[in-house]
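Q: Before I ask anything, here is the structure I am working with.
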Amino acid sequence: MQLNVKNARTHELARELAARSGVSITEAVTEALTDALARRTKQQELTTRELREELTRIADVCADLPVLDRRTPDEIL
């Protein structure tokens, strides 16, 4: 498979990362992409967890509200 990057800055960054890491450009790019995906996955998991916690908090607040209309749903309809 080929990955053709037509950006001089990207090539330079890949070469520099490979040189500093002591690996090939392919290995450096693979490692960088793997790390980036892991960070993104962790970030999304945190976001999902935070959303779930916030929705649970809101549901708890709503559950604690007093009932102002004691009619059953059928009576309301």
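This note's numbering puts the sequence shown at residues 24 to 100. Note that the Cβ used here is the ideal one computed from N, Cα and C, for glycine as well. Computed from a predicted model, the values in this text were never measured in an experiment.
Tell me the rounded alpha-carbon separation between Pro-96 and Arg-80.
A: In a straight line, the C-alpha of Pro-96 is about 25 Å away from that of Arg-80.
Q: Give the straight-line distance between the Cα atoms of Gln-67 and Leu-74, rounded to the nearest whole angstrom.
A: Those two C-alpha atoms are separated by around 10 Å.
Q: Do you know offhand how far Ala-92's Cα is from Thr-70's?
A: Looking at the sequence provided, one finds Asp at residue 92 rather than Ala. The alpha-carbon atoms of Asp-92 and Thr-70 are separated by roughly 36 Å.
Q: Does the distance from the CB of Ile-48 to the CB of Ala-41 come in under 9 Å?
A: A contact, by the Cβ cut-off of 9 Å.
Q: Looking at the secondary structure, which residues open and close the alpha helix (DSSP H) in which Arg-43 lies?
A: Per DSSP, Arg-43 belongs to the alpha helix (DSSP H) from 31-44.
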